[in-house]
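Q:
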Amino acid sequence: MSETADKTFYLETFGCQMNAHDSEKVVGTLVQQGYRQVPTVEEAGLVLYNTCSIRDKAEQKVFNRLSDYKKYKAQGKTFGVLGCVAQQEGEKIFERAPYVSLVCGSASYNKLPQMLVQLEGGAQRVTGLDDRLTDECFETEFTARTNPHRGYITIIEGCDKFCAYCVVPYTRGKERSRSSASVLGEARQLVDLGYTEIQLLGQNVNSFRDPEGKKTFAELLGTLAEIAGIRRVRFTTSHPRDFGRDIVDVIDAMPVLCNHVHLPVQSGSTRVLDAMQRLYTREEYLDRIGWIKGARRDISITSDLIVGFPGETEREFEETLSLMDVVGYDSVFTFKYSARPNTPALGMEDAIPDAEKARRLAVVNERQKAIGTARNQRHVGQVLEVMVEAKNAARGQWVGRTSQIKVMNFTVPAGVELAAGSYVQVRVTGSFPNSLAGELAS
Ligand code: SAH
Ligand code: SF4
Ligand code: F3S
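Those letters in the sequence shown? Residues 238 to 679, per the working numbering, in order.
(1) Below 8 Å on the Cβ atoms is my guess for residue 503 versus residue 519; work out the distance and round it to an integer in Å.
(2) In the DSSP assignment, find the beta strand (DSSP E) that holds residue 573 and state where it starts and stops.
(3) Where does residue 240 land, buried or exposed, given buried means 16+ other C-beta within 10 angstroms?
(4) My guess is that residue 458 and residue 424 are in contact by the Cβ rule of under 8 Å, so how many angstroms apart are they, rounded?
(5) Decide yes or no for the touch test of the segment 252–271 against the segment 378–398: beta carbon pairs closer than 8 Å, at least 3 of them.
(6) Given 7 Å as the limit, tell me if residue 441 has its C-beta closer than that to any heavy atom belonging to ligand 3.
(7) Should residue 653 be labelled buried (16 or more other beta-carbon atoms within 10 Å of its own) or exposed?
(8) From the DSSP secondary-structure annotation, give me the bridge partner or partners of residue 541.
(9) Taking a contact to mean a Cβ-Cβ separation below 8 Å, would you say residue 665 touches residue 677 in this structure?
(10) So is residue 673 buried or exposed if we call it buried at 16+ other beta carbons inside 10 Å?
(11) Looking at the structure shown, is residue 529 part of a helix, part of a strand, or coil, going by DSSP?
(12) Spatial neighbours of residue 576 within its chain, please: CB distance less than 6 Å, with the 5 preceding and 5 following residues excluded, ordered by chain position.
(13) First and last residue of the alpha helix (DSSP H) that includes residue 554?
(14) Indicate whether the contact test is met: 3 or more Cβ pairs, each with one atom in the segment 434–449 and one in the segment 358–366, closer than 8 Å.
(15) What are the start and end residues of each continuous beta strand (DSSP E) run of 3 or more residues lying completely inside the segment 352–399, in chain order?
(16) Given a cut-off of 8 Å on the beta-carbon distance, is the pair residue 251 and residue 287 in contact?
(17) In or out: residue 304 buried (at least 16 other Cβ within 10 Å) or exposed?
(18) Taking Cβ positions, are residue 628 and residue 598 nearer each other than 8 Å?
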């Protein structure tokens, strides 16, 4: 790659919210280094993919994309693979896709400026690979935020939980938290920029441990909620093992904290949870659900579920269904177990055939549809605050989200225009498995 007056890059992001927010920071870093973001591969000198390897399909997508664009190498473009596949596959990517010149995992993004200089100097194989030793977080003042109303803040990176099925501890490095002072500083900056909603991010956001020892996670939430100008605070994902009653207490005390908790259970069977190394039992999980349901506020509860973990019997699968009934989730992300490189579950016996995993997936989805429909029914007739996101011109409606993170499609009187990012009151007139319908109340 030669240093030209116009350094351009294209970046495509796969995977979770953490990756999406990392990309905002990567874009900011590149712009700071004199690069200009362009919307197509054709226009770009540097082509970057920020990748995900959580399930086999996600990883395949990345390699498909790389081979689609191999033809551009002849035009002198430089290719880079960032994120979880980069960290997982490391230098093997250079063998599989020889036109790639940069492989960099998320724990090495601090070194991106030096790596760009190496690429500009013509280096062909530049790597930033983590050895699970770094204590550094990727903090930059140059984040190029794409959502003008909801500001993401990473408070904890990496993961030390090592669930038997999961790649994340190997792809994102060891667990490390930012200081509460730096998180609060970033939140204040966001307010100055006009943000009213803050979303805290972490693989396990509630495993946050202030390196300066000043605040617990619940105290950090409480302090954020007191910052003038912040209307909503969200946080995701919470790990059940580290979920304390103090989190429910602070939500109860501070209306700015959204009434929603995402608490992935993965399985309703204690035997399977143990094999997954989830570090809690069905009963301990349900205790936490009991705390949330005991709150004065109506807190919505969402989850992630894996079906077909090796050795999961029909009875154990049914325990997942019964747990769904007991909890009454507002919404659930469901996945077929996918065997991943490096993970302990890879070598486990009693793999469940794909057709059976697919059947179980269909069954949980069907069950959740019924539960979600019943749960959403309770909102009909209520007036809820909605943060306006966009106009759906085709349907002549607006769309936004409630504090409970429910999608609300609503009508407004003829001639009324709303501003994205504003807050309005909406009367709920209908409910669906995954959304609400309503009309503007004020
Ligand atoms: N840290 C979070 C989860 C992050 S990964 C937690 O522990 O709850 C997001 C979700 O992907 C997980 O909750 C899990 O349901 C799913 N997942 C992770 N690895 C998977 C695998 N190998 N196969 C299928 N689903 C998986
Ligand atoms: Fe993966 Fe488990 Fe860590 Fe969540 S807690 S990121 S599922 S290893
Ligand atoms: Fe995927 Fe990595 Fe996120 S594996 S889900 S991008 S942490």
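Glycine included, each C-beta is placed from N, C-alpha and C at the ideal position.
A: Working from what's here:
(1) For the purposes of this step, residue 503 is taken as the residue at position 266 of the sequence shown. For the purposes of this step, residue 519 is taken as the residue at position 282 of the sequence shown. With a beta-carbon spacing of about 11 Å, residue 503 and residue 519 fall beyond the 8 Å limit used to define contacts.
(2) Translated into positions along the sequence shown, residue 573 becomes position 336. That run of the beta strand (DSSP E) goes 568–573.
(3) Residue 240 sits at position 3 when you count from the first residue of the sequence shown. Note on residue 240: pLDDT 47, under 50, position unreliable in the model; no value is reported.
(4) Position 221 of the sequence shown, counting from 1, holds the residue named residue 458. Position 187 of the sequence shown, counting from 1, holds the residue named residue 424. Contact check for residue 458 and residue 424: beta-carbon distance about 11 Å, past the 8 Å limit, so the pair fails to qualify.
(5) Because the criterion of three Cβ pairs below 8 Å is met, the segment 252–271 and the segment 378–398 touch.
(6) In the sequence shown, counting from the first residue as 1, residue 441 sits at position 204. Result no, Cβ not under 7 Å from ligand 3.
(7) Residue mapping note: residue 653 aligns to position 416 of the sequence shown, counting from 1. With fewer than 16 Cβ atoms within 10 Å of its Cβ, residue 653 is classed as exposed.
(8) Reading the sequence shown from its first residue, position 304 is the one you call residue 541. DSSP, once it has assigned bridges, lists 570 as partnering residue 541.
(9) As a first step, residue 665 is located in the sequence shown; it is residue number 428 there, counting from the start. As a first step, residue 677 is located in the sequence shown; it is residue number 440 there, counting from the start. Result no, Cβ atoms of residue 665 and residue 677 do not sit closer than 8 Å.
(10) For this step, residue 673 is matched to residue 436 along the sequence shown. Answer is buried; the Cβ neighbour count reaches 16.
(11) As a position in the sequence shown, residue 529 is number 292, starting the count at 1. DSSP places residue 529 in helix when its eight states are reduced to three.
(12) In the sequence shown, the residue the question calls residue 576 occupies position 339. If we look at residue 576 and ignore the five residues flanking it on each side, its Cβ neighbours are 583.
(13) Within the sequence shown, numbered from 1, the residue matching residue 554 stands at position 317. In the DSSP assignment, residue 554 falls within the unbroken alpha helix (DSSP H) covering 551–564.
(14) At 8 Å Cβ cutoff, the stretches do not touch.
(15) Those beta strand (DSSP E) runs which fall completely within the segment 352–399 and span 3+ residues are 363–365, 387–391.
(16) In the sequence shown, counting from the first residue as 1, residue 251 sits at position 14. In the sequence shown, counting from the first residue as 1, residue 287 sits at position 50. Between residue 251 and residue 287, the C-beta spacing is below 8 Å.
(17) Within the sequence shown, numbered from 1, the residue matching residue 304 stands at position 67. Residue environment analysis places residue 304 among the exposed positions, since fewer than 16 neighbouring C-beta atoms fall within 10 angstroms of its C-beta.
(18) Position 391 of the sequence shown holds residue 628. Position 361 of the sequence shown holds residue 598. Contact flag unset, no.
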